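First comes the structure, then the notes that go with it.
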Amino acid sequence: MLPDSHLYWTLLGYIGIAACIAIGLPQLLLHWKQKSANGISLAMLWLWLIGDIAHLIGTIVQGLLRTLIILGVVNGVVDVLLICQCYHYAKWHQFAHILPFLRRQVQASAPESLSNQPASATPPLPPTVPPPSKPPRKYRSTLYHALFVLLVIAISIIVWGIVVARVRKTANLRAGEDGTDLEFDKFGMAFGWLSRVIYTSARYPQIYKNWKSKSCHNLSVWFFVLLVIYNSTSLASILIKSIKKPYLIVNLPWILNYAYNVVLDLIIMGQFAWYGEVPGTANEPVVAAPIPDLEGAEFKERV
């Protein structure tokens, strides 16, 4: 018969794995739709990747839960995909910026139209357009993302149930999976603390980027919702397995890492609430950009 603690931590572990696999999907999809990845901090992604490598080495050497080892691998794959997107769209925009028709449109048309205007002429005031109403598509997108998160949790529970049903037939647990004490390994602990420092430092570039731009543009809030689920379930799976002092000491770097990351992810989600709807502009009229009189400029050139 399997102990209850084993069932609980494996359930949380599977939810964490499912959330980890799905973490990158909202952000990857948003980058693909916007054809841009300028909202996410590249420094954060590189620090995550380095932290994932240290995390993976530490969990393997220390002999921690196999779910934590799987999470390290999946996290690394997601980070690589996001980093590749950042460089891909940066090159894409650089290429699009030097296209001939774009350069002609920016460098030839606009200066000529401005230089032919008399100095004493006062440009007319641009017309005001009433603020656009919030499209219902935003609420549908929120509903779809919420259903996506629930689907991720439901699938992980189903997979966990299938695995537990098979394990119950044999009830054979590997060494170290029944709450017994783990052996302290200095090398593994060193990588555990290193990954903790890197992980907790990785959020600061994103928090600073959002604060400096006063915006969370091109960032998916569901990316951080899944991060909170992942870190919370990973933390709970460690604590539920055992609360023995030697076990907690061995897992201390990972416990502090997951707990502190939840706090930082909640801070970033708070930035979404603060910067998401630009304060003070909800009821202000939108000023339409003036359209240059290119036809008049061309007529003057011909004369």
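Under this note's numbering, the final residue of the sequence shown carries the number 1431; numbering is consecutive throughout. A virtual CB, placed ideally from N, CA and C, is assigned to each residue, including glycine. As the structure is a computational prediction, the values presented were derived from the model and not from experiment.
Problem - 8 Å CB neighbourhood of I1197 in its chain, flanking five on each side removed - result: Numbered from 1 along the sequence shown, position 69 holds the residue referred to as residue 1197. In the same chain as I1197, and ignoring 5 residues on each side of it, the C-beta atoms closer than 8 Å to its own belong to L1184, T1187 and I1188, in chain order.
Problem - Rounded separation between N1300 and L1175 - CA only - result: On the sequence shown, position 172 is the one that residue 1300 refers to. On the sequence shown, position 47 is the one that residue 1175 refers to. The predicted position of N1300 is uncertain, since its pLDDT is 49 and thus under 50; no value can be drawn from it.
Practice task
Mind the definition here: the stretch 1379-1392 touches the stretch 1314-1326 only if three or more C-beta pairs lie below 8 Å; say whether that holds.
Solution key: Two segments are said to touch when three or more pairs of C-beta atoms, one from each, lie closer than 8 Å; by this definition the stretch 1379-1392 touches the stretch 1314-1326.
Practice task
Determine the contact status of F1276 and V1349, defining contact as a CB-CB distance below 9 Å.
Solution key: As a working mapping, residue 1276 is identified with position 148 in the sequence shown. As a working mapping, residue 1349 is identified with position 221 in the sequence shown. Their beta carbons are not under 9 Å apart, which means F1276 does not touch V1349 by this criterion.
Practice task
Mind the definition here: the stretch 1145-1162 touches the stretch 1203-1214 only if three or more C-beta pairs lie below 8 Å; say whether that holds.
Solution key: The way I'd put it, the stretch 1145-1162 does touch the stretch 1203-1214; three or more beta-carbon pairs between them come closer than 8 Å.
Practice task
Could you tell me the boundaries of the alpha helix (DSSP H) in which N1166 lies?
Solution key: The residue given as residue 1166 occupies position 38 in the sequence shown. Per DSSP, N1166 belongs to no alpha helix (DSSP H) and is neither H nor E.
Exercise for the section: Keeping to the same chain, check which residues put their C-beta closer than 6 Å to that of G1167; ignore five residues upstream and five downstream. Expected result: The residue you call residue 1167 lines up with position 39 of the sequence shown. Result list for G1167: H1345, N1346 and L1347, in chain order.
Practice task
Go to L1192, then tell me how far its alpha helix (DSSP H) extends in each direction, as first and last residue.
Solution key: By one-based count along the sequence shown, residue 1192 stands at place 64. That residue, L1192, is in no alpha helix (DSSP H); it is neither H nor E in DSSP.
Problem - N- and C-terminal bounds of the alpha helix (DSSP H) containing S1348 - result: The sequence position of residue 1348 within the sequence shown is 220, counting from 1. Per DSSP, S1348 belongs to no alpha helix (DSSP H) and is neither H nor E.
Practice task
Can you have a look at W1339 and say buried or exposed, based on whether 16 or more other CB atoms are within 10 angstroms of its CB?
Solution key: To locate residue 1339, count along the sequence shown from 1; it is residue 211. Per the 10 Å Cβ criterion, exposed.
Exercise for the section: Quick one: residues in its chain with C-beta nearer than 7 Å to the C-beta of A1447, no 5 flanking neighbours on either side, listed in chain order? Expected result: What the structure shows of the chain is the stretch from 1129 to 1431, and residue 1447 is not part of that stretch, so it cannot be assessed.
Problem - C-alpha gap between D1180 and Y1327, whole angstroms - result: Here residue 1180 is taken as the residue at index 52 of the sequence shown, counted from 1. Here residue 1327 is taken as the residue at index 199 of the sequence shown, counted from 1. Separation of D1180 and Y1327 (C-alpha to C-alpha, rounded to the nearest whole angstrom) is 8 Å.
Handout entry: Distance, L1279 Cα to S1329 Cα
Key = Within the sequence shown, numbered from 1, the residue matching residue 1329 stands at position 201. Within the sequence shown, numbered from 1, the residue matching residue 1279 stands at position 151. Taking the straight line from one Cα to the other gives about 31 Å.
Exercise for the section: Starting from the Cα of R1331, find the closest Cα among T1361, S1362, L1135 and V1391 and give me that residue. Expected result: The residue you call residue 1331 lines up with position 203 of the sequence shown. Each of T1361, S1362, L1135 and V1391 was checked against the Cα of R1331, and the nearest Cα belongs to V1391.
Practice task
Determine, using beta carbons only, whether V1202 and I1145 come nearer to each other than 9 Å.
Solution key: Within the sequence shown, numbered from 1, the residue matching residue 1202 stands at position 74. Within the sequence shown, numbered from 1, the residue matching residue 1145 stands at position 17. The answer is yes: Cβ separation under 9 Å.
Handout entry: Under 9 Å between C-beta atoms of W1137 and K1369
Key = Here residue 1137 refers to the residue found at position 9 of the sequence shown. Here residue 1369 refers to the residue found at position 241 of the sequence shown. With respect to the 9 Å criterion, W1137 and K1369 are classified as neighbours on the basis of their beta carbons.
Problem - Cutoff 6 Å; reference S1343; Cβ partners in own chain excluding five residues on either side - result: Position 215 of the sequence shown, counted from the start, is the residue given in the question as residue 1343. Cβ neighbours of S1343 beyond the five flanking positions: Y1403.
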